[in-house]
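Undergrad: Can you read through this structure? Questions will come right after.
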Amino acid sequence: MDSLMQLFYDEANEMVEGMEQVLLALESGEPDPETVNALFRYAHSFKGNSAAMGFTHLSKFTHGLESAMEALRKEQRTLTPELATLLLQAVDMIRTLLERTRTEGDVGDPTCEPLLQQINAVINGETPQPVPAPSAPVQTAPAEPPTTQGTPQYRITYQPAPTLSAEHDPLQLLTELQEYGQVIECRFREQIPPLEQLKTDACYGSWELLYETAFEPAIVRALLELAAEGAEVRIEPVNAAPTTETAQPTAAETVAAAPQPSVATLPPTETPAAAAATTTAAVNAAANKGEAQSIRVSTEKIDALMNLVSEIVIAQSMLSSAQNADTDERTRAAITQMERHVRDLHERVMAIRLLPVSYLFNRFPRMVRDTAAKLGKKVNFEVEGEETELDRTLLEALSDPLTHLIRNAIDHGIEPPDERRQNGKPETGTIKLSAYQSEGRIYIEVRDDGRGINTERVREKAIQLGWITENDHPSEETLFEFLFQPGFSTAQQVSDLSGRGVGMDVVKRNVESLGGSISVQSKRGEGTRFLLRVPLTLAIMDGLGLTVADEHYIVPLTAVVEAFQYESLQHTALFDQYEMVNVRGEFIPLVRLRQFVGLPETDHDGLIVVLEQEGEQIALLIDGIAGQQQVVLKSLEENFVRVHGFAGATILGDGRVALILDVSDLIRRGRQSAERYAAVA
Amino acid sequence: MTTITQPTETTTATEMNTDKYLVFQIGNETYGVPLLQVQEIRTYTPATRVPNAPDYVLGVINLRGNIIAVIDARTRFGLPPLPEEESTVVVVAQVSDKIFGLRLDSVSDVMDIPLEQVQPTPPIASEATQRFLSGVVQVGERVVILLNLREIFDIDALSSIAA
């Protein structure tokens, strides 16, 4: 597929998602005029883009949708659930058409037209004033394209300024008009004087247009005046006097003092590609406010850039260390300055690949809505930590597992409203999707307040499958583990939504292939919580640099609770390997970093850093703190092996590698001390 | 940073089926590795020690954003390591899908090795290092011992430090 086509699809997908989000937002809250406008803009740019690509069916459908939304926008109507569902269906239709276009070419769908009619009917049916608005049935003129129903039309007479200049290009004006609406008819009149009076830079022509636009007349006027300064422009609404409409072409002819008016119709499909681009028009600029300015770049290019920057960092550090007493002042200053810039560059390039998880999470509200509606359940979907940043490839890979988990939560977790009521729960169930970063990993949690996992049924099923015998009573944890085994499904019946072959085992496999893990907690009647732990391969995290001897290690800053002088502590030693320290009356297992990394002990003053993970604490004895810095986690495994005790490595600003401590591993080691302590105490 | 020199004139055997090898000295012996496996040659920059790793693993370094391990050839061959010098290099090589660095005192040449003349390795080395060798060949005056990089890196043996 060529790159223009790719760009179109990329943008189209983005817009479809955007429309969906706006619709969902509208449905749940107050109808903010700005969001309705956004919806309208999406439909509008969609029309423009698809027309530019020559996809007539898509552009026709979106044009109809645009008109419908324009009505919605004008009337300041609240979005009823009925209308929202219809509009969401329209969004799905766009998806379908997109897919068709991709696979079969420019083909339509027979249900397009009925859907549009339905939408229009709902919108018009609720119009409070029963005034015979410019609605479809009145207009029977065959010249009218079927999609123009309901959109106001204007007759525009445009006489350019007598002296033409580069700024006053009539053609440009026509092009621009085409972007804001549709030029249905275009008549050109010429009044060319005898040759001896002809001026080469003068304009002797004028245009008469039949123009259809959803915009206010004032905007059209502003547009014309902006583009045609000094020109004579007349705008008359056509729909205001529909009776004269059929007579108009003849009327125009009688007015014509000129010889023969040449008639040209600009078909809508010929909207120039420029239509998709931002124009200078003030209206559009204002409308675009709030949209992120971005361009698309392939990840390969970014990776190449990143690698190059890493090399520059190293070269820079070599240059810096090549300085000596003889280096003159100017060189020194230049190196210092470059150091700063290179560091900035490094940081920025690293940040490019990261995307907030909202990029992924935004897909789910729609899915939850539809799934819940289909199953007759009431679900309140909450999202937390959307700003957590994650590498793009990782985000993509998490899409399927999360979709599955959320569907499961609705299908199997959340009870039907009446069952919930009987159990003294609010009718509306809650599913919460949250993301956070901790100990150098990304955690994504799917939590529901549904009925929880029926461990008894899990056990029965396991017996049925021959995994355990009647006499076995495995722990809850073991039973939950069964859920992730291939071939296991507790769903009583295979539903349309989940439990269709792809099971939890696939979810587990997917997550594990990312180097992550998944665990589940559940309580009968109270809910289930799935926790995904994924490495942040490329995610940036805040790290704290720790030193022992001349070595440098990193711990995730999020795990650090506090730090203080080791000497200030009362410290209890048990055997020689298992130690606890007394921090304000609480005993915390001690791990000596020197020992942990295989360095000889020292009797120097040390520091204690208290680290915490999931409620467990550990005191780490170190020599010193090197400061806080942003680090990018790199895999040790990719070209080497996963090293025990370390979550990975990072590249420091000077190009050197520092290992990142695995806090959970330190805690595990500490727990051993604690258990030993408990055994003797 | 790449300092591969042109093939020398000792390679007169044009009729024969030859492969290019990167040739270097360790101690008194001349060794060669297939040039195809060599990605680049870098000046040595200090590696970050990996706790609990075997002594021949010097540590890890940053190769354009990737973390790779550096193995010291002398230590791997049971020889005392030499201090770092101007000529100390890291040969970056790929075996299977992993990239690693091999620290050498210096590299000297790229040679065309006539494959037909490669002999099985005589038991010149201790049994421990025997597996690092894939053959021996006489090129002109020189005897070149061919190395098996996969065995030298031996990622499976590193499982002792793996989590």
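If you read the sequences in order, they're chains L and X. Residues in the first sequence are numbered consecutively from 1, following the numbering used here. Residues in the second sequence are numbered consecutively from 1001, following the numbering used here. Ideal placement from N, C-alpha and C gives every residue a C-beta, glycine not left out.
For VAL511 (chain L), count neighbouring C-beta atoms within 10 Å of its own C-beta (all shown protein chains included) and say buried if the count is 16 or more, exposed if not.
TA: Its Cβ being crowded by 16 or more others within 10 Å, VAL511 (chain L) is buried.
Undergrad: Keeping to the same chain, check which residues put their C-beta closer than 8 Å to that of PRO426 (chain L); ignore five residues upstream and five downstream.
TA: So the list reads ARG420, once near-sequence residues are dropped.
Undergrad: If you reduce the DSSP assignment to three classes, tell me which class GLY670 (chain L) lands in.
TA: In the structure shown, GLY670 (chain L) sits in a helix (DSSP, three-state: H, G or I).
Undergrad: What are the residues of the stretch 1079–1107 of chain X that lie near chain L, defined by any Cβ-Cβ distance shorter than 7 Å?
TA: From the stretch 1079–1107 of chain X, only LYS1098, ILE1099 and PHE1100 have a Cβ closer than 7 Å to chain L.
Undergrad: For THR371 (chain L), count the other beta carbons within 10 Å of its own beta carbon; 16 or more makes it buried, fewer makes it exposed. Which is it?
TA: The residue in question, THR371 (chain L), is buried, as its Cβ has 16 or more Cβ neighbours within 10 Å.
Undergrad: Could you tell me the distance, in whole angstroms, from the CA atom of VAL122 (chain L) to the CA atom of GLU82 (chain L)?
TA: VAL122 (chain L) and GLU82 (chain L): Cα-Cα distance of roughly 8 Å.
Undergrad: Relative to chain L, which residues along the stretch 1061–1077 of chain X have a C-beta separation below 7 Å, given in chain order?
TA: Residues ILE1061, ASN1062, ARG1064, GLY1065, ASN1066, ILE1067, ILE1068 and ALA1069.
Undergrad: Of all the options L:ASP605, L:LEU210 and L:VAL458, which has the alpha carbon lying nearest to the alpha carbon of CYS186 (chain L)?
TA: Closest option to CYS186 (chain L), Cα to Cα, is L:LEU210.
Undergrad: Cβ closer than 7 Å: which chain L residues qualify as neighbours of PRO1054 (chain X)?
TA: Neighbours of PRO1054 (chain X) on chain L: none; closest Cβ ~11 Å, over 7 Å.
Undergrad: Count the other C-beta atoms from every protein chain shown that fall within 10 angstroms of the C-beta of GLU179 (chain L), then say buried if there are 16 or more, exposed otherwise.
TA: That one is buried.
Undergrad: Could you spell out the range, first to last residue, of the alpha helix (DSSP H) harbouring ASP418 (chain L)?
TA: ASP418 (chain L) -> alpha helix (DSSP H) spans 417–422.
Undergrad: Using C-beta distances below 6 Å, list every residue in its chain close to PRO110 (chain L), excluding the 5 sequence neighbours before and after it, in chain order.
TA: Taken in chain order, the list of residues that qualify is empty.
Undergrad: When the cut-off is 8 Å and only beta carbons count, does ILE1155 (chain X) lie next to chain L?
TA: Yes - at least one Cβ of chain L is within 8 Å of the one on ILE1155 (chain X).
Undergrad: Starting from GLU512 (chain L), find everything on chain X with Cβ-Cβ shorter than 7 Å and list it in chain order.
TA: Neighbours of GLU512 (chain L) on chain X: none; closest Cβ ~15 Å, over 7 Å.
Undergrad: Within the continuous alpha helix (DSSP H) that includes VAL1033 (chain X), where are the two ends?
TA: Not the alpha helix (DSSP H): VAL1033 (chain X) falls in the beta strand (DSSP E), residues 1029–1034.
Undergrad: Which two residues bound the contiguous alpha helix (DSSP H) that contains PRO365 (chain L)?
TA: It spans 364–375 - the alpha helix (DSSP H) in which PRO365 (chain L) sits, taken as one unbroken run.
Undergrad: Using a Cβ-Cβ distance cut-off of 8 Å, determine whether VAL561 (chain L) contacts chain X.
TA: It does not: the Cβ of VAL561 (chain L) has no partner Cβ on chain X nearer than 8 Å.
Undergrad: Quick check on GLU291 (chain L): does DSSP put it in helix, strand or coil?
TA: With a pLDDT of 49 at GLU291 (chain L), under the threshold of 50, the modelled position of that residue is not reliable, and no figure is offered here.
Undergrad: So with Cβ pairs under 8 Å, would you call ILE651 (chain L) a contact of chain X?
TA: Judged by the 8 Å Cβ criterion, ILE651 (chain L) is in contact with chain X.
Undergrad: Using the C-alpha atoms, what's the distance from PHE564 (chain L) back to LEU607 (chain L)?
TA: Those two C-alpha atoms are separated by around 6 Å.
Undergrad: Using a Cβ-Cβ distance under 8 Å, would ARG1150 (chain X) count as near chain L?
TA: Not an interface residue.
Undergrad: Our contact map puts ILE1067 (chain X) next to GLY1101 (chain X) with C-beta atoms below 8 Å; I'd like the distance itself, whole angstroms only.
TA: Not quite, the Cβ-Cβ distance comes to about 11 Å (not below 8 Å), so this is no contact.
Undergrad: By the 10 Å Cβ neighbour count, where 16 or more other Cβ atoms means buried, how is MET5 (chain L) classified, buried or exposed?
TA: Classification of MET5 (chain L): exposed, given that the 10 Å Cβ count is below 16.
Undergrad: Taking one C-beta from the stretch 1099–1115 of chain X and one from the stretch 1032–1048 of chain X each time, how about it: are there three or more such pairs within less than 8 Å?
TA: Contact between the stretch 1099–1115 of chain X and the stretch 1032–1048 of chain X is present, because at least three Cβ pairs lie under 8 Å.
Undergrad: Tell me, to the nearest whole angstrom, how far the beta carbon of ILE156 (chain L) is from that of ARG234 (chain L); I am working on the premise that it is less than 8 Å.
TA: Right, their Cβ atoms sit about 7 Å apart.
Undergrad: Taking the C-alpha atoms as reference points, what is the distance between GLN139 (chain L) and GLN21 (chain L)?
TA: Bear in mind that the predicted position of GLN139 (chain L) carries a pLDDT of just 36, short of 50, making it too unreliable to give a figure here.
Undergrad: Cutting at 6 Å between CB atoms, please list the residues of its own chain near MET504 (chain L), excluding the five before and the five after it.
TA: These residues qualify, in order along the chain: LEU483 and PHE484.
Undergrad: Any C-beta of chain L sitting closer than 8 Å to the C-beta of ARG1049 (chain X)?
TA: Yes, its Cβ sits closer than 8 Å to a Cβ of chain L.
Undergrad: Can you tell me whether DSSP reads GLU253 (chain L) as helix, strand or coil?
TA: Because GLU253 (chain L) sits at a pLDDT of 39, beneath the cut-off of 50, its placement in the model cannot be relied upon, and the following sentence gives the value as read from the coordinates. In the structure shown, GLU253 (chain L) sits in a helix (DSSP, three-state: H, G or I).
Undergrad: What is the DSSP secondary structure of SER135 (chain L), reduced to helix, strand or coil?
TA: Confidence is the limiting factor: at SER135 (chain L) the pLDDT is only 37, short of 50, which leaves the residue's position unreliable, though a coordinate-based value still follows. Coil.
Undergrad: Distance check for PRO1123 (chain X) and GLU1141 (chain X), CA to CA, integer angstroms please.
TA: Rounded to whole angstroms, GLU1141 (chain X) to PRO1123 (chain X) spans 21 Å at the Cα level.
Undergrad: Taking the alpha-carbon positions, what's the LEU375 (chain L) to LEU23 (chain L) distance?
TA: Cα to Cα, the separation comes out at about 21 Å.
Undergrad: Spell out whether any CB of chain X is found under 8 Å from the CB atom of GLU634 (chain L).
TA: The sequence shown places Lys at residue 634 (chain L), not Glu. Cβ-Cβ to chain X under 8 Å: yes for LYS634 (chain L).
Undergrad: For the candidate residues L:PRO152, L:TYR9 and L:ALA304, whose alpha-carbon lies nearest to that of THR103 (chain L)?
TA: Answer by Cα proximity: L:TYR9.
Undergrad: Would you list the residues sitting across from TYR158 (chain L) in a DSSP beta bridge?
TA: L:TRP207 and L:VAL233.
Undergrad: Is it right to say GLY413 (chain L) is buried, meaning 16 or more other beta carbons lie within 10 angstroms of its own, or is it exposed?
TA: By the neighbour-count rule (16 or more Cβ atoms within 10 Å), GLY413 (chain L) is buried.
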